[in-house]
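Enquirer:
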Amino acid sequence: MAMKYRSLRYFKTTQVLPSLKINAFTRPSTRGLNEFILGVEIENLQSDEKFQLVQLSSISPSWIISPINNESSEDADSKSSIIPRQTIFIYYRINRIEKHSTNDNVNETNSESNDTTDITPEAFTSNALERLLIGEKNLQSEPSPINLTITNIPFRDRTINNSAKPLEGFSMNSRVQWRSNTLLNQFPFISSNKYHNIFTLYNTNDVDLALYWNISSVSSDVSSTPLQRQGHHYIVGINLGVQQNPFQGLSIYSAPNRALFEQTIRERALLLNSLSKNKNFKDDSPLKLVIQCMDIYEHDFELQSFCIVPITISIKNCSWNKKIGFTLEMISPDQHETNRSNAFHKVITPMIFHWMGSTLKYATLSANEEQTFVVKACFNRSGVYDINRWRLTVKYDDQNASGGRNESSGGMKGYVQMPNTPHLLTIIDVRK
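Numbering-wise (the working numbering), the sequence shown opens with residue 495 and increments by one.
Here it is in structure tokens:
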């Protein structure tokens with residue numbers, strides 16, 4: 495039989511050196527519910543080489559990144575250079591994608607394509623897990639298409655096309671490897687060969703980052719040209735959503751009695767218990783709240799004794815399938831003070847103010863719905879006040895999230911949320 499190819503032994507000496515240590519973290523923004531602050535910590539592990547950051551790219555179905563401030567080229571150069579053993583921090587805004595947004599640094603690509611009905615990745619996974627539980631043999635359906643948005647933030651004039659080959663393959667392989675390892679830890683009782691038909695590669699609120707860099711090294715030979723070394727790092731698995739168990743089990747009681755998982759009822763019960771009581775998913779409140787108002791407010795107290803400031807409160811239901819009822823209570827400062835042990839709060843905000851009008855709000859939010867309220871705070875003198883004084887009581891019926899029933903649920907669930915950081919408002923008397 496003739497050989498289809500020839501092989502030749504080849505040896506290449508490779509030196510592996512430490513490069514960068516990178517950590518990314520996110521914090522909610524005070525500007526709105528659909529915005530986060532992204533911080534990236536970068537440490538140069540080299541002892542004699544200076545790194546030049548070239549570009550930061552994000553890959554996400556729902557979010558894009560942008561610089562917090564438009565910096566000059568000199569500032570950008572200083573922040574993109576990392577000398578040996580130095581650590582720098584860079585910050586960006588992460589905003590939810592608007593349907594009609596236009597940006598030269600934003601590109602769209604499609605990671606999965608088929609002709610099935612367009613549903614969210616979370617809904618697809620929940621339905622697939624239910625089909626697995628009731629014993630359906632045919633799990634050959636594929637997820638709906640996911641449009642990935644790539645945002646490129648160059649540190650210099652040159653922009654790297656993150657969706658070009660081979661970079662697209664590198665980033666996709668990193669995501670596949672991370673996703674597979676995560677699913678092995680979260681669902682060890684499900685065979686890995688079924689992952690493609692149950693889980694999507696990206697969830698709605700996932701964000702991946704890619705940081706590109708280069709090093710210019712001068713050889714010992716003076717006549718030689720500088721050696722250019724390039725590289726990139728991936729930060730995979732940032733999720734900006736509220737953590738929620740992907741298995742909802744809303745219609746398993748509607749399945750016929752003959753439907754069993756694999757062979758026995760016992761195996762089905764073990765799978766149901768593993769899915770519904772998965773310790774890898776902590777139970778979080780699905781509501782997010784943000785307070786917005788002016789940071790500084792000027793008022794003439796001699797002309798008018800009371801200063802009334804409107805304050806906007808936005809609340810969003812971050813669950814993809816649950817209808818949530820809540821009670822919002824605006825708490826007076828003296829009442830709230832007894833619930834706090836924060837010494838900083840007691841020192842910096844000793845001033846008392848009062849809420850005007852109704853201090854209770856009742857409402858129900860559908861999945862991904864957002865509502866906004868306007869309340870008024872009354873101040874009788876200048877000072878620095880903490881207006882982040884509220885209590886949010888959340889209740890929802892886990893058995894009727896979408897009109898179905900969960901045989902393993904505990905019925906009504908509830909949370910009590912209170913702020914853990916101050917939101918300072920400065921009142922200035924214009925006569926002083």
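Think of the CB as a built atom: it goes at the ideal place given N, C-alpha and C, for glycine as much as any other residue.
Small disclaimer: the values here were computed from a predicted structure and weren't measured.
Would you identify the three-state DSSP class for ASP571, choosing helix, strand or coil?
Expert: Numbered from 1 along the sequence shown, position 77 holds the residue referred to as residue 571. If DSSP states are grouped into helix, strand and coil, ASP571 belongs with the helices.
Enquirer: Within a Cβ cutoff of 6 Å, which residues of the same chain sit near GLN540, ignoring the five residues on either side of it in sequence?
Expert: As a working mapping, residue 540 is identified with position 46 in the sequence shown. PRO578.
Enquirer: Return helix, strand or coil for SER554, following the three-state DSSP convention.
Expert: Counted from its first residue, the sequence shown places residue 554 at position 60. If DSSP states are grouped into helix, strand and coil, SER554 belongs with the strands.
Enquirer: Please report the Cβ distance between PRO804 and LYS870, rounded to the nearest whole angstrom; I am assuming they are in contact, meaning their Cβ atoms lie under 8 Å.
Expert: On the sequence shown, residue 804 is found 310 positions in, with the first residue counted as 1. On the sequence shown, residue 870 is found 376 positions in, with the first residue counted as 1. Confirmed, Cβ separation roughly 6 Å.
Enquirer: Given that a residue counts as buried once 16 or more other Cβ atoms are within 10 Å of its Cβ, and exposed if not, what is LYS776?
Expert: In the sequence shown, the residue the question calls residue 776 occupies position 282. Label assigned to LYS776: exposed.
Enquirer: Less than 8 Å between C-beta atoms, sequence neighbours within five positions excluded: which residues of the same chain meet that for ILE922?
Expert: Counted from its first residue, the sequence shown places residue 922 at position 428. Contacts found: ILE790, TYR791, GLU792, HIS793 and SER876.
Enquirer: Under the three-state reduction of DSSP, which class applies to ALA622: helix, strand or coil?
Expert: Locating residue 622 in the sequence shown gives position 128, counting from the first residue. If DSSP states are grouped into helix, strand and coil, ALA622 belongs with the helices.
Enquirer: Roughly how many angstroms separate the alpha carbons of ILE825 and ASN882, rounded to a whole number?
Expert: Taking the first residue of the sequence shown as position 1, residue 825 is located at position 331. Taking the first residue of the sequence shown as position 1, residue 882 is located at position 388. Roughly 9 Å separates the two Cα atoms.
Enquirer: Is LYS810 buried or exposed, if buried means 16 or more other CB atoms sit within 10 Å of its CB?
Expert: Here residue 810 refers to the residue found at position 316 of the sequence shown. LYS810 comes out buried.
Enquirer: Near VAL910, which residues of its chain fall below 6 Å by C-beta distance, leaving aside the five closest residues on each side in sequence?
Expert: Indexing the sequence shown from 1 puts residue 910 at position 416. THR887.
Enquirer: With DSSP collapsed to three states, give me the class of TRP814.
Expert: Counting from 1 along the sequence shown, the entry for residue 814 is found at position 320. Residue state, collapsed to three classes: coil.
Enquirer: Nearest to HIS690 by CA position, among ASN733, ARG650 and ALA622, is which residue?
Expert: Translated into positions along the sequence shown, residue 690 becomes position 196. Of the candidates ASN733, ARG650 and ALA622, the one whose C-alpha sits nearest the C-alpha of HIS690 is ALA622.
Enquirer: Would you call the stretch 661–670 and the stretch 512–520 touching, i.e. three or more CB-CB distances under 8 Å?
Expert: no
Enquirer: For SER523, I'd like the list of residues in its chain whose CB is within less than 6 Å of its CB, leaving aside the five on either flank, ordered along the chain.
Expert: By one-based count along the sequence shown, residue 523 stands at place 29. For SER523, where only same-chain residues beyond five positions count, the Cβ hits under 6 Å are GLU529, PHE530 and ILE531.
Enquirer: Do you know whose CA, among GLY819, PHE800, ALA704 and PHE618, lies nearest VAL730's CA?
Expert: If you number the sequence shown from 1, residue 730 lands on position 236. Here the closest residue by C-alpha is ALA704.
Enquirer: Give me the Cα-Cα distance between GLN722 and ASP542, rounded to the nearest whole angstrom.
Expert: Taking the sequence shown and counting its residues from 1, the one referred to as residue 722 is at position 228. Taking the sequence shown and counting its residues from 1, the one referred to as residue 542 is at position 48. C-alpha separation (whole angstroms): 15 Å.
Enquirer: Can you tell me whether PRO660 is buried or exposed, with buried defined as 16 or more other CB within 10 angstroms of its CB?
Expert: Within the sequence shown, the letter at position 166 stands for residue 660. Result: exposed.
Enquirer: Assign ASN874 to one of three DSSP states: helix, strand, or coil.
Expert: On the sequence shown, position 380 is the one that residue 874 refers to. Residue state, collapsed to three classes: coil.
Enquirer: Taking the alpha-carbon of GLN549 as reference, which of CYS787, ILE536, ARG650 and LYS771 has the nearest alpha-carbon?
Expert: What you label residue 549 is simply residue 55 of the sequence shown in a count that begins at 1. Nearest C-alpha to GLN549: ARG650.
Enquirer: Is the CB-CB distance between HIS848 and CYS872 below 9 Å?
Expert: Here residue 848 corresponds to residue number 354 of the sequence shown, with the count starting at 1. Here residue 872 corresponds to residue number 378 of the sequence shown, with the count starting at 1. Yes, the pair counts as a contact, with Cβ atoms nearer than the cut-off.
Enquirer: Quick check on this structure: which residue in ARG587, TYR586 and PRO637 has the alpha carbon closest to the alpha carbon of THR698?
Expert: The residue you call residue 698 lines up with position 204 of the sequence shown. Checked all of ARG587, TYR586 and PRO637; the closest Cα to THR698 is PRO637.
Enquirer: With a cut-off of 8 Å on the beta carbons, I'd call ASP700 and ASN733 a contact; round off their distance for me.
Expert: Here residue 700 corresponds to residue number 206 of the sequence shown, with the count starting at 1. Here residue 733 corresponds to residue number 239 of the sequence shown, with the count starting at 1. ASP700 to ASN733, Cβ: 6 Å. Contact.
Enquirer: Could you work out which residue in LEU781, GLN742, PHE545 and ASN767 is closest to GLU624 when comparing CA atoms only?
Expert: As a first step, residue 624 must be located in the sequence shown, where it is residue number 130. Of LEU781, GLN742, PHE545 and ASN767, the smallest CA-CA separation from GLU624 is found for GLN742.
Enquirer: Is SER638 helix, strand or coil when you go by DSSP?
Expert: For the purposes of this step, residue 638 is identified with residue 144 of the sequence shown, where counting begins at 1. Coil.
Enquirer: Please confirm whether ARG525 and PRO561 have their CB atoms less than 9 Å apart.
Expert: The count along the sequence shown starts at 1 and reaches residue 525 at position 31. The count along the sequence shown starts at 1 and reaches residue 561 at position 67. In this structure, ARG525 sits away from PRO561, with a CB-CB distance that is not shorter than 9 Å.
Enquirer: Report back the beta-carbon spacing between VAL534 and ILE584 to the nearest angstrom; my notes put them in contact at under 8 Å.
Expert: Reading the sequence shown from its first residue, position 40 is the one you call residue 534. Reading the sequence shown from its first residue, position 90 is the one you call residue 584. The Cβ separation is near 5 Å, so the contact holds.
Enquirer: Less than 9 Å between the C-beta atoms of LEU765 and TYR696, yes or no?
Expert: Position 271 of the sequence shown holds residue 765. Position 202 of the sequence shown holds residue 696. LEU765 places its beta carbon 9 Å or farther from that of TYR696.
Enquirer: Among SER501, SER779, LEU783 and ILE644, which has the Cα closest to the Cα of SER552?
Expert: Counting from one through the sequence shown, the residue named residue 552 turns up at place 58. Closest option to SER552, Cα to Cα, is ILE644.
Enquirer: What does the Cβ neighbour count give for GLN580, buried or exposed, with the cut at 16 atoms within 10 Å?
Expert: Position 86 of the sequence shown, counting from 1, holds the residue named residue 580. So GLN580 counts as exposed.
Enquirer: What number of angstroms, rounded off, separates the C-alpha of VAL878 from the C-alpha of PHE795?
Expert: Within the sequence shown, the letter at position 384 stands for residue 878. Within the sequence shown, the letter at position 301 stands for residue 795. Approximately 15 Å, taken between the alpha carbons.
Enquirer: Is DSSP giving GLN757 helix, strand or coil here?
Expert: Here residue 757 refers to the residue found at position 263 when the sequence shown is read from its first residue. Any answer about GLN757 is weak, because its pLDDT of 49 lies below 50 and its placement is not dependable; what the coordinates show is given next. Of the three classes helix, strand and coil, the one that applies to GLN757 here is coil, per DSSP.
Enquirer: Roughly how many angstroms lie between the CA atoms of ILE802 and ARG673, to the nearest whole one?
Expert: Here the question's residue 802 lines up with position 308 in the sequence shown. Here the question's residue 673 lines up with position 179 in the sequence shown. As the crow flies, the alpha-carbon of ILE802 is around 51 Å from that of ARG673.
Enquirer: Using DSSP bridges, identify the partner residues of GLN798.
Expert: Residue 798 sits at position 304 when you count from the first residue of the sequence shown. Looking at the DSSP assignment, GLN798 forms no beta bridge with any residue, so it has no partner.
Enquirer: Tell me whether PHE800 is buried or exposed, calling it buried when 16 or more other Cβ atoms sit within 10 Å of its Cβ.
Expert: Here residue 800 refers to the residue found at position 306 of the sequence shown. Answer is exposed; the Cβ neighbour count stays below 16.
Enquirer: Assign LYS816 to one of two classes, buried (16 or more other C-beta atoms within 10 Å of its C-beta) or exposed (fewer than that).
Expert: Indexing the sequence shown from 1 puts residue 816 at position 322. Buried is the call here.
Enquirer: Look at GLU823 and ARG925 and say whether their C-beta atoms are less than 9 Å apart.
Expert: In the sequence shown, residue 823 corresponds to position 329, counting from 1. In the sequence shown, residue 925 corresponds to position 431, counting from 1. Note that the C-beta distance between GLU823 and ARG925 is not below 9 Å.
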